[in-house]
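*Asks:* Numbering (this note's numbering), first residue to last: 2 to 561.
Where is the CB? At the ideal position from N, CA and C, for every residue including glycine.
Owing to the predicted nature of the structure, the values given are computational and were not obtained by experimental measurement.
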């Protein structure tokens with residue numbers, strides 16, 4: 002038992018990510034605009050900003066000590082490096098540095114001076130790094146050195162003030178003891194009591210201890226620190242240069258472009274990927290036509306030498322030939338969603354040639370009676386064919402007298418029933434002769450391919466679905482809307498047909514579409530309207546609500 006072709010369920014995460022990336026790349030204009038904006042912004046920042054220079058000096062902080070060479074002496078005794086960093090950027094240090102710079106004719110306010118200062122502390126060190134950013138290299142060097150010297154001077158003054166305060170405290174304790182000692186010495190000459198001698202000895206010990214502490218305070222090394230690295234005048238401006246800013250601007254612009262593309266993708270009504278199109282139609286992807294370089298020589302790709310396009314058409318024909326749903330009826334309706342029907346016409350003609358290569362009797366019916374152009378596009382390949390016997394009883398209306406044979410070099414031939422403008426399109430499509438033509442597919446080895454106008458622009462394709470149940474949709478996935486795809490499936494299913502598959506084409510672009518319309522007008526073919534309106538424009542601007550209502554056609558055009 003055979004089963005119809007079903008779309009593959011490819012939901013693995015890498016495939017989904019690839020699809021999402023391809024969807025974002027559909028909006029290359031937004032990506033390019035984002036990168037351009039980023040580059041312009043980076044270039045503006047690099048060229049418009051004033052050049053600044055940064056000089057750096059390094060200060061090693063140390064505490065006061067009596068003997069820095071003694072064993073076990075610790076340089077970080079009593080130093081809180083976080084507090085010292087806050088002191089370095091204080092207003093007191095700024096005032097000292099501003100007064101020092103004023104002596105060198107560099108008058109600057111303490112607040113403005115501290116605005117360009119940055120003090121950092123490398124981890125696990127007692128080092129403060131003074132970095133100053135100025136307008137000129139010499140200004141940056143001078144101010145960085147002045148701030149470092151001001152910090153050291155402030156710390157030295159603070160240490161000396163602490164020593165002086167402690168010394169005054171010791172002397173305040175020493176003066177009463179010395180007065181009491183002098184009094185006891187006067188009493189020692191009158192009385193030699195033991196208690197007087199003992200008190201005097203205790204006072205002498207206390208006086209000696211205080212004197213020793215005062216001497217130690219005077220002997221302290223009050224050096225606040227060392228300027229290990231003197232600031233030097235920088236040779237180049239600080240900050241990112243033009244190449245780095247352009248690179249950063251490009252990266253930021255690319256991120257902006259991706260964001261805009263994602264927003265555009267969210268609100269884009271068109272089909273996001275071929276997978277979504279296949280899933281919405283409930284039919285397999287029969288093939289994707291490649292984009293050929295240069296203008297094609299004619300409508301038929303098969304018969305003019307080997308090409309990727311011809312091989313893709315052959316692959317689609319073989320896949321349809323082994324599809325059980327198509328093999329049962331051997332009838333195929335080729336149509337597009339809306340807009341230009343040129344891609345569907347090319348697909349119908351080339352599939353007819355491919356089936357002719359397989360040895361089938363192929364009958365190609367152009368059911369586009371509003372803008373027929375298939376015979377003109379095939380050109381000299383089509384020549385008159387002998388009509389069937391039942392056609393002799395017709396009154397000359399379409400499809401009577403429209404048969405011709407189309408020779409495909411090296412592949413065979415197929416029969417073409419070319420379209421012709423008529424007064425009443427619905428009556429012509431539902432006439433008895435059309436039913437006889439479609440019924441020829443019942444003969445063994447015969448294939449009938451019907452080319453219909455866009456299914457959402459006119460109801461012609463819907464009128465033929467009950468006779469040609471198998472439908473192939475030819476479209477550009479970038480130009481078909483998700484709502485259109487769902488409506489196509491509902492319309493065809495409600496009409497008793499089924500979608501055998503979808504054939505994707507790369508599209509012709511705006512320039513190719515305009516040139517095609519101009520050339521059609523120059524040739525004066527059926528595609529050129531005498532009232533000044535292009536049929537393609539009518540299809541593109543058609544109201545979707547008119548899907549099931551056949552449009553009236555100009556009767557005068559049909560009588561020409």
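Under 8 Å: do the region 55 to 62 and the region 254 to 264 share three or more Cβ pairs, one atom per stretch?
*Replies:* Cβ pair count under 8 Å is below three, so no.
*Asks:* Excluding the 5 residues flanking residue 111 on each side, which residues of the same chain have their C-beta closer than 8 Å to its C-beta?
*Replies:* As a first step, residue 111 is located in the chain shown; it is residue number 110 there, counting from the start. Answer for residue 111: 92, 95, 96, 98 and 99, listed in chain order.
*Asks:* Can you pull the DSSP bridge partners for residue 95?
*Replies:* Counting from one through the chain shown, the residue named residue 95 turns up at place 94. Per DSSP, none; premise fails for residue 95.
*Asks:* Sort 266, 159 and 500 by Cα distance to residue 29 and report the nearest one.
*Replies:* The residue you call residue 29 lines up with position 28 of the chain shown. Nearest of 266, 159 and 500 to residue 29, Cα basis: 266.
*Asks:* Would you tell me roughly how many angstroms separate the C-alpha atoms of residue 349 and residue 35, rounded to the nearest one?
*Replies:* Looking up residue 349 in the chain shown gives position 348. Looking up residue 35 in the chain shown gives position 34. Straight-line Cα distance between these residues: approximately 42 Å.
*Asks:* With the cut-off set at 9 Å, would you say residue 47 and residue 246 are in Cβ contact?
*Replies:* Against the chain shown, residue 47 aligns to sequence position 46. Against the chain shown, residue 246 aligns to sequence position 245. Cβ atoms of residue 47 and residue 246: closer than 9 Å.
*Asks:* Give the range of the beta strand (DSSP E) segment to which residue 474 is assigned.
*Replies:* Residue mapping note: residue 474 aligns to position 473 of the chain shown, counting from 1. Run containing residue 474: 471 to 476, per the beta strand (DSSP E) assignment.
*Asks:* How many Å lie between residue 140 and residue 52 at the Cα?
*Replies:* Indexing the chain shown from 1 puts residue 140 at position 139. Indexing the chain shown from 1 puts residue 52 at position 51. So the alpha carbons of these two residues sit roughly 13 Å apart.
*Asks:* Identify which residue in 15, 160 and 329 has its Cα closest to the Cα of residue 64.
*Replies:* What you label residue 64 is simply residue 63 of the chain shown in a count that begins at 1. Checking every option, the nearest Cα to that of residue 64 belongs to 160.
*Asks:* If you reduce the DSSP assignment to three classes, tell me which class residue 482 lands in.
*Replies:* Residue mapping note: residue 482 aligns to position 481 of the chain shown, counting from 1. The answer is strand: DSSP assigns residue 482 an E or B state.
*Asks:* Under a three-way DSSP split, which group does residue 47 fall into?
*Replies:* Numbered from its first residue, the chain shown carries residue 47 at position 46. Helix at residue 47.
*Asks:* What does the Cβ neighbour count give for residue 227, buried or exposed, with the cut at 16 atoms within 10 Å?
*Replies:* Mapped onto the chain shown, residue 227 falls at position 226. The residue in question, residue 227, is exposed, as its Cβ has fewer than 16 Cβ neighbours within 10 Å.
*Asks:* Who does residue 498 pair with in a DSSP beta bridge?
*Replies:* As a position in the chain shown, residue 498 is number 497, starting the count at 1. DSSP output for residue 498 lists no bridge partner at all.
*Asks:* Would you give the residue range spanned by the alpha helix (DSSP H) that residue 88 belongs to?
*Replies:* Position 87 of the chain shown, counted from the first residue, corresponds to residue 88. Segment 82 to 89, the alpha helix (DSSP H) holding residue 88.
*Asks:* Would you kindly work out how many angstroms separate the C-alpha atoms of residue 432 and residue 464, rounded to a whole number?
*Replies:* As a working mapping, residue 432 is identified with position 431 in the chain shown. As a working mapping, residue 464 is identified with position 463 in the chain shown. Each residue's Cα considered, the two are about 11 Å apart.
*Asks:* List in chain order: all unbroken beta strand (DSSP E) runs of 3+ residues lying wholly within the region 349 to 381.
*Replies:* Listed in chain order, the complete beta strand (DSSP E) runs (minimum 3 residues) inside the region 349 to 381 are 362 to 367.
*Asks:* On the three-state DSSP scale, how would you describe residue 151?
*Replies:* The residue labelled residue 151 in the question sits at position 150 within the chain shown. Here residue 151 sits in helix by DSSP.
*Asks:* State the start and end residues of the unbroken alpha helix (DSSP H) segment that holds residue 456.
*Replies:* The count along the chain shown starts at 1 and reaches residue 456 at position 455. Premise fails: residue 456 is in no alpha helix (DSSP H) and is neither H nor E.
*Asks:* My assumption, with CB atoms under 8 Å, is that residue 398 sits in contact with residue 423. Please give the rounded CB distance.
*Replies:* Residue 398 sits at position 397 when you count from the first residue of the chain shown. Residue 423 sits at position 422 when you count from the first residue of the chain shown. Their Cβ separation, rounded to whole angstroms, is 7 Å, which keeps residue 398 and residue 423 in contact under 8 Å.
*Asks:* Taking a contact to mean a Cβ-Cβ separation below 9 Å, would you say residue 334 touches residue 481 in this structure?
*Replies:* The sequence position of residue 334 within the chain shown is 333, counting from 1. The sequence position of residue 481 within the chain shown is 480, counting from 1. Not in contact: residue 334 and residue 481 (Cβ atoms no closer than 9 Å).
*Asks:* Give the secondary structure of residue 273 by DSSP, where H, G and I count as helix, E and B as strand, and everything else as coil.
*Replies:* Within the chain shown, residue 273 is the residue found at index 272, counting from 1. Coil, per DSSP.
*Asks:* For residue 252, verify whether its CB is less than 8 Å away from any heavy atom of the ligand ADP.
*Replies:* This structure lacks the ligand ADP; in fact it carries no ligand of any kind.
*Asks:* May I ask you to report which of helix, strand or coil DSSP gives residue 160?
*Replies:* Taking the first residue of the chain shown as position 1, residue 160 is located at position 159. Note: residue 160 maps to helix in three-state DSSP.
*Asks:* Is the distance from the Cβ of residue 304 to the Cβ of residue 412 below 9 Å?
*Replies:* Reading the chain shown from its first residue, position 303 is the one you call residue 304. Reading the chain shown from its first residue, position 411 is the one you call residue 412. Closer than 9 Å, so yes.
*Asks:* Consider the Cβ of residue 234: report whether some Cβ of chain B lies at a distance smaller than 9 Å.
*Replies:* Although the question refers to chain B, the structure presented lacks it and comprises just one protein chain.
*Asks:* Residue 378 and residue 300 look like a contact to me (Cβ under 8 Å); what is the Cβ gap, rounded to whole Å?
*Replies:* Residue numbering aside, residue 378 sits at position 377 when the chain shown is read from its first letter. Residue numbering aside, residue 300 sits at position 299 when the chain shown is read from its first letter. Sure, about 4 Å apart at Cβ, within 8 Å.
*Asks:* Can you tell me whether DSSP reads residue 130 as helix, strand or coil?
*Replies:* Counted from its first residue, the chain shown places residue 130 at position 129. Three-state DSSP puts residue 130 in a strand.
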